[in-house]
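Trainee: Structure below; questions to follow.
Residue numbers (the working numbering): 3 to 294.
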């Protein structure tokens, strides 16, 4: 009995790599991929009319392979239910075993991989597919509304522009350039009576320089009103991803202590964490499609 294997996953999740491995190992498996068919038939140009013929060609190739006794692996994204239904019908028609494998690669990793591929589809496409087919039920931020209300604010890339300084060179944070439009927003929040708490991926070792920089460059409100800068930072020596560190800081320092009205941050992966994992409102600074 031949077998039809359906791989599912976001672009750049590793489906085609796995499919090629299956073909190489088994020796009797045919790989069918719509991107390759589009390249062959239409120079990869997508249109509704082109796609109708691409789908017919895909189905024809799968059916002919099964009819000749070959196994088949389909390594398209295959996230839309209609493709799975079509494959089920084909498998039943040719008495083929049907197997579905979901390649569960995190969206951040898919976006990162896609950026270096020659035929990149772009973050917007990957995010759209994730939102349409894979996003879990929205996380709703729940907190005691009677707690002190705050705005959470990042530093590097949000209120501070690093210039030539490495993000890991904490000794030079005092030389950062203030990101004036964002600093003005924070200053206005403070003057309007809002409480701003800074939560940074910077190493704790540069706390003193960071506090002085915030006082001098973000808002004079702290000094004129004798206020301390509320600042939570990465534990000294912790080199894990920003999104992991900041989520842990949130859970240990913010959750149950404050009600977060809004977050100001710049890093796309961190902004996705705030929205998708914690359900917070986010004002995203900078290019939302530039991963770093």
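By construction, the Cβ of each residue, glycine as well, lies at the ideal position given by its N, Cα and C atoms.
Since we're looking at a predicted model, the values are computed, not measured.
Is DSSP giving residue 203 helix, strand or coil here?
Mentor: For the purposes of this step, residue 203 is taken as the residue at position 201 of the chain shown. It is a strand residue.
Trainee: According to DSSP, is residue 291 helix, strand or coil?
Mentor: For the purposes of this step, residue 291 is identified with residue 289 of the chain shown, where counting begins at 1. Reduced to three states, the DSSP call for residue 291 is coil.
Trainee: Could you tell me whether the region 162 to 182 touches the region 212 to 231, using the rule of 3 or more Cβ pairs below 8 Å?
Mentor: Judged by Cβ distances under 8 Å, the region 162 to 182 makes contact with the region 212 to 231, as three or more pairs qualify.
Trainee: On a Cα-Cα basis, can you pick out the residue from 188, 291, 267 that is closest to residue 282?
Mentor: Here residue 282 refers to the residue found at position 280 when the chain shown is read from its first residue. Minimum Cα distance to residue 282 is reached at 267.
Trainee: Can we say the region 124 to 136 touches the region 108 to 116, given the rule of at least three CB pairs closer than 8 Å?
Mentor: Touching, yes.
Trainee: Buried or exposed, going by whether 16 or more other CB atoms sit within 10 Å of the CB of residue 74?
Mentor: As a working note, residue 74 is residue 72 in the chain shown. Buried: at least 16 other Cβ atoms inside 10 Å.
Trainee: Please report the distance separating the alpha-carbon of residue 10 from that of residue 130.
Mentor: As a working note, residue 10 is residue 8 in the chain shown. As a working note, residue 130 is residue 128 in the chain shown. Taking the straight line joining both Cα atoms gives about 16 Å.
Trainee: For residue 155, list the residues DSSP reports as bridge partners.
Mentor: In the chain shown, counting from the first residue as 1, residue 155 sits at position 153. Note: residue 155 sits in a beta bridge opposite 200, 266.
Trainee: What does the Cβ neighbour count give for residue 3, buried or exposed, with the cut at 16 atoms within 10 Å?
Mentor: On the chain shown, residue 3 is found 1 positions in, with the first residue counted as 1. Classification of residue 3: exposed, given that the 10 Å Cβ count is below 16.
Trainee: If you compare alpha carbons, which of 199, 289, 260 is closest to residue 273?
Mentor: Reading the chain shown from its first residue, position 271 is the one you call residue 273. Ranking the options by Cα distance to residue 273, first place goes to 289.
Trainee: Where does residue 233 fall in DSSP's three states?
Mentor: The residue you call residue 233 lines up with position 231 of the chain shown. Residue 233: strand per DSSP, three-state reduction.
Trainee: Taking the beta carbon of residue 1 as the centre, do at least 16 other beta carbons fall within 10 Å, making it buried, or is it exposed?
Mentor: An answer regarding residue 1 cannot be provided, because it is not within the stretch 3 to 294 covered by the chain.
Trainee: How is the beta strand (DSSP E) around residue 73 delimited, first residue to last?
Mentor: Position 71 of the chain shown, counting from 1, holds the residue named residue 73. Residue 73 -> beta strand (DSSP E) spans 73 to 76.
Trainee: Apart from the five residues just before and just after residue 85, which ones in its own chain have a Cβ nearer than 6 Å to its Cβ?
Mentor: The count along the chain shown starts at 1 and reaches residue 85 at position 83. Correct list: empty, nothing qualifies.
Trainee: Take every Cβ of the region 150 to 159, pair it with every Cβ of the region 191 to 204, and state whether three or more of those distances are shorter than 8 Å.
Mentor: A contact exists between the region 150 to 159 and the region 191 to 204.
Trainee: Compute the Euclidean distance between the alpha carbons of residue 161 and residue 180, then round it to the nearest angstrom.
Mentor: Here residue 161 corresponds to residue number 159 of the chain shown, with the count starting at 1. Here residue 180 corresponds to residue number 178 of the chain shown, with the count starting at 1. Going from the Cα of residue 161 to the Cα of residue 180 covers about 6 Å.
Trainee: Hey, residue 39 and residue 7: beta-carbon distance below 8 Å or not?
Mentor: The residue given as residue 39 occupies position 37 in the chain shown. The residue given as residue 7 occupies position 5 in the chain shown. No; because the gap between Cβ atoms is not below 8 Å, this pair is not in contact.
Trainee: If we ignore side chains and look at the alpha-carbon of each, how far apart do residue 52 and residue 45 end up?
Mentor: On the chain shown, residue 52 is found 50 positions in, with the first residue counted as 1. On the chain shown, residue 45 is found 43 positions in, with the first residue counted as 1. Distance between the alpha carbons of residue 52 and residue 45: 11 Å.
Trainee: Run the CB neighbour count on residue 159, radius 10 Å, all protein chains shown included, and call it buried at 16 or more, exposed below.
Mentor: As a working mapping, residue 159 is identified with position 157 in the chain shown. Counting Cβ neighbours within 10 Å, residue 159 comes out buried, since at least 16 surround it.
Trainee: Under DSSP, the beta strand (DSSP E) around residue 6 begins and ends at which residues?
Mentor: Residue 6 sits at position 4 when you count from the first residue of the chain shown. Element bounds for residue 6: 5 to 10.
Trainee: Using beta-carbon positions only, say whether residue 72 and residue 32 come within less than 8 Å of one another.
Mentor: Taking the first residue of the chain shown as position 1, residue 72 is located at position 70. Taking the first residue of the chain shown as position 1, residue 32 is located at position 30. Yes. Within cutoff.
Trainee: I need the DSSP call for residue 162, collapsed to helix, strand or coil.
Mentor: As a position in the chain shown, residue 162 is number 160, starting the count at 1. Reduced to three states, the DSSP call for residue 162 is strand.
Trainee: Quick check: the Cα distance between residue 79 and residue 89, rounded to an integer number of angstroms?
Mentor: Sequence index remark: in the chain shown, residue 79 carries index 77 (1-based). Sequence index remark: in the chain shown, residue 89 carries index 87 (1-based). If you take the alpha carbons of residue 79 and residue 89, they lie about 13 Å apart.
Trainee: Hey, how far is the Cα of residue 112 from the Cα of residue 171?
Mentor: For the purposes of this step, residue 112 is identified with residue 110 of the chain shown, where counting begins at 1. For the purposes of this step, residue 171 is identified with residue 169 of the chain shown, where counting begins at 1. When rounded, the distance between both Cα atoms is 29 Å.
Trainee: Helix, strand or coil for residue 132? Go by DSSP, reduced to three states.
Mentor: By one-based count along the chain shown, residue 132 stands at place 130. Correct three-state label for residue 132: helix.
Trainee: From 13, 35, 12, pick the residue whose C-alpha is nearest to that of residue 22; which is it?
Mentor: Mapped onto the chain shown, residue 22 falls at position 20. The residue with the shortest Cα to Cα distance from residue 22 is 35.
Trainee: Have a look at residue 30 and residue 43 and give me their C-alpha separation to the nearest angstrom.
Mentor: Numbered from 1 along the chain shown, position 28 holds the residue referred to as residue 30. Numbered from 1 along the chain shown, position 41 holds the residue referred to as residue 43. Their backbone Cα atoms lie some 25 Å apart in a straight line.
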